[in-house]
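Worksheet: one structure, shown below.
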Amino acid sequence: MVIYRTLEHIQQHLATVSQASSQVVFDAVSTDGSPSKQEEQILYLDVGSSYLKLGIWSEKDSEFLVRSVSWEEGEEVFSRIFKQFLNQGIEYIVGSLVYTPSKERLNELFKLLGEYFHFDVVWIDHTTLQSLDLKINYSPLHNLGLDRLIACYGARAYCSAPVVVVDLGSAVTIDSLSETHFEGGIIAPGLRAIQAGMQQTTPHLPTPSDDNMLFDFPPKSTQNALWWGQYAFWVAGIEGMILEVSRATRTQEIILTGGDANWFFEAIHHQRRIDLLAQAPNENNEDRQLARPLDEMKMVVRPHLILEGLRHLSRKSCL
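Numbering (this note's numbering), first residue to last: 46 to 364.
In C-alpha cells:
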C-alpha cells in the first residue's frame with residue numbers, strides 16, 4: 046500500500062527515530078570496533094527534465110548511492126528499478142520535480158507497486174518550501190523551479206554563508222543565496238541546447254567535439270572555429286554570468302551541480318582561455334577583491350545537490 050505524506054510527517058518521523066537511536070546502546074559494531082550506523086530507509090528522487098535520479102544516503106560511506114535513468118526508458122524498466130530499491134526495505138520516497146506529467150507518471154507506477162509493497166511518498170512543493178526558514182525573493186513564486194530552490198537547501202546544508210549555486214544541466218541556472226534569502230538568479234541554455242540550436246540553424250556545418258579541440262587562436266580551421274564558437278563560447282559565457290552573480294551576492298563561494306558540472310569545473314581550471322577582466326576605476330577595494338577570475342574563487346562540485354537538499358529538508362527538525 047502507498048500512502049502520501051507531508052514533509053512535516055517525515056520530519057517528525059525522522060526526529061523520533063533519531064531520538065530513539067540516541068537512547069539505545071549499540072550492540073553491533075563495525076570491523077574497526079566503532080558503533081555501526083543505521084542506514085536510512087529513504088529513497089530520494091530528483092525528477093528532472095531529461096533524467097530521473099534515484100539516491101539512497103549511505104551512512105557508511107557518507108555519500109549518496111545514485112542511479113540515473115532516462116525518461117525515454119519504458120515503464121517496465123522503471124518498475125524494475127523501483128522494485129530493486131523497495132526490496133531493500135525502503136519505507137519512504139521523498140521527491141521533487143520540474144515537470145507535472147512526470148509526477149503523474151510516477152504516481153501511476155507507485156499505485157501499481159503499492160499492491161506488493163508498503164511505502165510512504167512525500168512530494169515537496171512550493172507551498173511547503175514557502176513556509177520554511179529560507180525567504181524567497183522571486184515573483185511569482187510558482188514560476189520558480191523547485192529544483193533551483195531545493196538545490197539551494199542542499200547548498201545551505203553544506204555552507205551557511207552567502208553562496209552562488211550553479212546547476213549545469215539541460216538548462217543552466219545561476220542562483221544567489223544569502224544567509225537568509227533566495228535572491229533570484231539567471232537561467233541560460235545548457236551546452237547541448239547551444240549545440241542543438243547551432244545544428245538546427247546551420248545544418249551544413251560539421252559538429253565540433255573535444256577530439257578536434259585545438260588551442261590556436263584565432264582559429265584556423267572550421268572545426269576549431271566551431272569549437273571556440275560553441276564549447277569555449279559557452280564556458281566563457283557561463284563563467285561571466287557566475288562572476289556577475291557572485292559580485293551581486295558578495296561572495297567567492299561557488300557550488301556547481303548538474304550533469305555538466307565536472308566538465309565545466311575542468312574547463313575552468315585546465316582549459317587554456319582568453320580572460321579579459323576589466324575593473325572600473327571607481328570600484329572600492331572590496332569590489333576589486335570580488336572581481337577575480339573564477340578559477341581563483343572557492344569553487345566545489347557537489348553532483349547530487351538536489352538529493353542533498355531533499356535529505357536536508359527531510360531532516361530539518363532533527364538537525
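Note that beta-carbon positions come from the ideal geometry of N, C-alpha and C, so glycine has one too.
Inter-residue spacing [alpha-carbon to alpha-carbon] between residue i and residue j
| i | j | result |
| --- | --- | --- |
| residue 299 | residue 211 | 7 Å |
| residue 89 | residue 139 | 5 Å |
| residue 326 | residue 92 | Because the pLDDT at residue 326 is just 44, under 50, the model does not fix this residue reliably, and the value given afterwards should be weighed accordingly. Distance between the alpha carbons of residue 326 and residue 92 is about 46 Å. |
| residue 241 | residue 53 | 42 Å |
| residue 209 | residue 280 | 17 Å |
| residue 196 | residue 353 | 8 Å |
| residue 56 | residue 174 | 13 Å |
| residue 62 | residue 134 | 16 Å |
| residue 270 | residue 243 | 13 Å |
| residue 71 | residue 84 | Note that residue 71 scores 44 on pLDDT, short of 50, meaning its location in the model is unreliable and no value can be drawn from it. |
| residue 47 | residue 339 | 47 Å |
| residue 350 | residue 302 | 6 Å |
| residue 360 | residue 262 | 51 Å |
| residue 253 | residue 268 | 6 Å |
| residue 51 | residue 107 | 26 Å |
| residue 207 | residue 116 | 35 Å |
| residue 246 | residue 204 | 42 Å |
| residue 102 | residue 87 | 8 Å |
| residue 126 | residue 264 | 47 Å |
| residue 162 | residue 104 | 24 Å |
| residue 317 | residue 58 | Because the pLDDT at residue 317 is just 43, under 50, the model does not fix this residue reliably, and the point stays unresolved. |
| residue 266 | residue 276 | 15 Å |
| residue 272 | residue 237 | 13 Å |
| residue 128 | residue 355 | 21 Å |
| residue 146 | residue 311 | 35 Å |
| residue 278 | residue 224 | 32 Å |
| residue 118 | residue 64 | 41 Å |
| residue 248 | residue 60 | 57 Å |
Spatially closest choice to residue i from the options, by CA coordinates
| i | options | result |
| --- | --- | --- |
| residue 185 | 195, 172 and 177 | 172 |
| residue 94 | 217, 225, 284 and 266 | 217 |
| residue 148 | 236, 167 and 304 | 167 |
| residue 214 | 104, 132 and 235 | 235 |
| residue 141 | 170, 225, 285 and 102 | 170 |
| residue 304 | 49, 96 and 58 | 96 |
| residue 274 | 239, 307, 306 and 342 | 239 |
| residue 282 | 343, 264, 309 and 204 | 309 |
| residue 131 | 230, 100 and 206 | 100 |
| residue 229 | 181, 345, 105 and 156 | 181 |
| residue 342 | 156, 355, 348 and 284 | 284 |
| residue 120 | 345, 306, 153 and 355 | 153 |
| residue 222 | 183, 248 and 237 | 183 |
| residue 348 | 98, 129, 128 and 49 | 98 |
| residue 156 | 146, 49 and 59 | 49 |
| residue 150 | 124, 129 and 128 | 124 |
Within 8 Å, strictly: CB atoms of residue i and residue j
| i | j | result |
| --- | --- | --- |
| residue 194 | residue 227 | yes |
| residue 111 | residue 122 | no |
| residue 199 | residue 357 | yes |
| residue 219 | residue 313 | no |
| residue 177 | residue 201 | no |
| residue 109 | residue 137 | no |
| residue 231 | residue 143 | no |
| residue 307 | residue 345 | no |
Residues bridged to residue i (per DSSP)
| i | result |
| --- | --- |
| residue 142 | 92 |
| residue 137 | 87 and 165 |
| residue 220 | 210 and 230 |
| residue 112 | 99 |
| residue 343 | 298 |
| residue 180 | 226 |
| residue 49 | 166 |
Distance cut-off 7 Å: residue i Cβ against heavy atoms of the ligand GDP
| i | result |
| --- | --- |
| residue 239 | Because no ligand of any kind appears in the structure shown, any question about the ligand GDP cannot be addressed here. |
| task | Would you check if the segment 177–192 and the segment 290–297 touch, i.e. whether three or more CB-CB distances between them fall below 8 Å? | result | The count of Cβ pairs closer than 8 Å, one atom from the segment 290–297 and one from the segment 177–192, stays below three, leaving the stretches out of contact.
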